[in-house]
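Chemist: In numbering that gives the first Met the number 0, the protein residues as written are 0 to 310. Pasting a structure here, questions to come.
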Amino acid sequence: MGVGEAHGKVILLGEHSVVYGRPALAAGLPRGASARAWDAEGESSLHVTPWDVTVTPSDERSLGKAFGVMLEAARVERPVRIEARVDLPGGSGLGSSAALGVAVLRAIDALRGVERDDASALEVSLAWERVFHGNPSGVDNAMSIAGGLAWYVRGEPIERVRTRRAIPLVIGDSGEACSTKITVGEVARQHEKNRERMEKQFDAIAAIVRNGRLAAEQGDLKALGQLFDMNQSLLAGMLISTATLEEMIGVARASGAYGAKLTGGGGGGCMIAVTEDRAGAEKVRAAIEEQCGKRAFVALLGGEAAGDQER
């Protein structure tokens with residue numbers, strides 16, 4: 000048997016502009032996906048819990064197509080049976096499909112005794128991800144592989160970001176499924192229609208990301224929150240926020256968050272908020288659940304306290 004695990008991800012700053020060569024600040028989440036692989040007879044298969052879905056490479060559904068693409072990209076020559084589990088809500092902007100793909104790849108590699116470096120894992124898992132998202136930036140896959148807090152520029156190796164203190168982050172799920180493929184396409188249409196305006200927007204987001212990295216490194220969470228708010232204003236101007244996300248963001252800010260924004264592709268999915276400490280994060284989490292009726296959890300990112308502390 001081969002076993003594989005992968006992180007979920009959250010983009011702190013830089014959504015969409017990262018597709019156009021600007022940087023993003025992202026982090027791996029403690030929860031993600033896991034998979035086990037065995038040799039099999041007949042056609043390869045993949046079963047995913049809790050979705051309770053089983054596919055084969057000849058399946059016409061997206062998951063089946065992605066599975067077939069991965070087997071081809073990883074040059075898997077004999078049939079395999081995969082049992083996988085995803086511990087992230089699907090279509091939420093937390094990188095569930097990327098985490099699943101990386102976990103499956105790692106399980107297959109472990110079964111076959113293949114040692115694959117991060118660059119190769121990224122290449123193969125991106126073939127899987129393109130089935131779902133068309134033109135992904137690669138940040139989801141990179142963070143699923145590496146975890147931690149990182150500076151990411153498309154086509155370049157990730158750069159680790161060290162923080163002076165842990166970043167208490169509240170992640171709230173709107174319950175509205177989002178499609179990165181659709182929102183990336185919408186932003187692309189805006190870019191084609193008015194390239195000059197959108198390039199200025201992307202440059203403005205890039206400046207926010209650069210300042211966000213400095214704030215994170217220095218442990219200036221108040222400044223980081225202000226940058227969250229600035230980034231959200233630009234993303235909302237691209238028409239990819241929703242009424243539900245805006246409500247959750249407003250509740251987070253009113254409950255003491257330094258700043259809040261959507262995360263991922265938008266059009267639904269999740270929002271994030273940064274607070275001064277764990278106690279403040281728990282207060283914001285409770286407010287989102289009680290006032291908005293939405294699920295939320297707290298994760299500590301960066302610093303010595305990060306990596307395994309989550310609620």
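Think of the CB as a built atom: it goes at the ideal place given N, C-alpha and C, for glycine as much as any other residue.
#1: Assign residue 37 to buried or exposed, taking buried as 16 or more other Cβ atoms, counted over all protein chains shown, within 10 Å of its Cβ.
#2: So, is residue 279 buried or exposed, given that buried needs 16 or more other C-beta atoms within 10 angstroms?
#3: Do residue 7 and residue 121 have their C-beta atoms closer together than 7 Å?
#4: Going by C-alpha distance, which of 169, 148, 28, 108 is nearest residue 213?
#5: Please determine, among 239, 227, 271, the residue with the shortest C-alpha to C-alpha distance to residue 247.
#6: Taking the alpha carbon of residue 91 as the point to measure from, which residue in 31, 17, 224, 137 has its own alpha carbon closest?
#7: Would you mind reading off the limits of the alpha helix (DSSP H) that contains residue 107?
#8: Smallest Cα separation from residue 143: which of 187, 245, 103, 201?
#9: Return the residue from the list 158, 124, 200, 76 that minimises the CA-CA distance to residue 110.
#10: Rounded to whole angstroms, what is the Cα-Cα separation between residue 241 and residue 127?
#11: In or out: residue 56 buried (at least 16 other Cβ within 10 Å) or exposed?
#12: From the DSSP output, which residues share a beta bridge with residue 33?
#13: Can you tell me the Cα-Cα spacing of residue 282 and residue 182, whole angstroms?
#14: Tell whether a beta-carbon distance below 7 Å holds between residue 45 and residue 81.
#15: For residue 34, is the classification buried or exposed, using 16 other Cβ atoms within 10 angstroms of its Cβ as the cut-off for buried?
#16: Distance check for residue 24 and residue 301, CA to CA, integer angstroms please.
#17: If you draw a straight line from the C-alpha of residue 225 to the C-alpha of residue 291, how long is it?
#18: Can you tell me whether residue 378 is helix, strand or coil according to DSSP?
#19: Which parts of the region 165 to 194 are runs of the alpha helix (DSSP H), unbroken and 4 residues or longer, counting only runs that do not cross its ends?
#20: Quick one: residues in its chain with C-beta nearer than 7 Å to the C-beta of residue 2, no 5 flanking neighbours on either side, listed in chain order?
#21: So, helix, strand or coil for residue 10, using DSSP?
#22: Counting C-beta neighbours from all protein chains within 10 Å, is the total for residue 14 16 or more, i.e. buried, or is it exposed?
#23: Give the straight-line distance between the Cα atoms of residue 141 and residue 259, rounded to the nearest whole angstrom.
Modeler: On the basis of the coordinates in this document:
#1: Taking the first residue of the sequence shown as 1, we reach residue 37 at position 38. The residue is exposed, with fewer than 16 neighbouring Cβ atoms inside 10 Å.
#2: Translated into the one-based positions of the sequence shown, residue 279 becomes position 280. So residue 279 counts as buried.
#3: Numbered from its first residue, the sequence shown carries residue 7 at position 8. Numbered from its first residue, the sequence shown carries residue 121 at position 122. Taking 7 Å as the Cβ cut-off, residue 7 and residue 121 do not qualify as a contacting pair.
#4: In the sequence shown, residue 213 corresponds to position 214, counting from 1. The shortest C-alpha separation from residue 213 is found at 148.
#5: Here residue 247 refers to the residue found at position 248 of the sequence shown. Closest by alpha carbon: 271.
#6: On the sequence shown, position 92 is the one that residue 91 refers to. With distances taken between Cα atoms, residue 91 lies closest to 31.
#7: Counting from one through the sequence shown, the residue named residue 107 turns up at place 108. Unbroken alpha helix (DSSP H) run through residue 107: 95 to 111.
#8: The residue labelled residue 143 in the question sits at position 144 within the sequence shown. Here the closest residue by C-alpha is 103.
#9: Within the sequence shown, numbered from 1, the residue matching residue 110 stands at position 111. Nearest of 158, 124, 200, 76 to residue 110, Cα basis: 76.
#10: Here residue 241 is taken as the residue at index 242 of the sequence shown, counted from 1. Here residue 127 is taken as the residue at index 128 of the sequence shown, counted from 1. Approximately 28 Å, taken between the alpha carbons.
#11: As a position in the sequence shown, residue 56 is number 57, starting the count at 1. Classification of residue 56: buried, given that the 10 Å Cβ count is 16 or more.
#12: Here residue 33 is taken as the residue at index 34 of the sequence shown, counted from 1. DSSP output for residue 33 lists 4, 84 as bridge partner(s).
#13: Reading the sequence shown from its first residue, position 283 is the one you call residue 282. Reading the sequence shown from its first residue, position 183 is the one you call residue 182. The alpha-carbon atoms of residue 282 and residue 182 are separated by roughly 31 Å.
#14: Taking the first residue of the sequence shown as 1, we reach residue 45 at position 46. Taking the first residue of the sequence shown as 1, we reach residue 81 at position 82. Yes, they are a contact pair.
#15: Along the sequence shown, read from residue 1 onward, the residue named residue 34 stands at position 35. Flag for residue 34 reads buried.
#16: As a position in the sequence shown, residue 301 is number 302, starting the count at 1. As a position in the sequence shown, residue 24 is number 25, starting the count at 1. One C-alpha to the other measures close to 12 Å.
#17: Here residue 225 is taken as the residue at index 226 of the sequence shown, counted from 1. Here residue 291 is taken as the residue at index 292 of the sequence shown, counted from 1. If I take the Cα positions, the gap works out to 23 Å.
#18: Absent from the structure is residue 378, since the part of the chain shown begins at 0 and ends at 310.
#19: 179 to 192
#20: Walking along the sequence shown from the start, residue 2 turns up at place 3. Once the five neighbours on either side are set aside, the close Cβ partners of residue 2 are 35, 106, 109.
#21: Locating residue 10 in the sequence shown gives position 11, where the first residue counts as 1. Strand at residue 10.
#22: On the sequence shown, position 15 is the one that residue 14 refers to. Residue 14 is buried by the Cβ-count criterion.
#23: Taking the sequence shown and counting its residues from 1, the one referred to as residue 141 is at position 142. Taking the sequence shown and counting its residues from 1, the one referred to as residue 259 is at position 260. Approximately 24 Å, taken between the alpha carbons.
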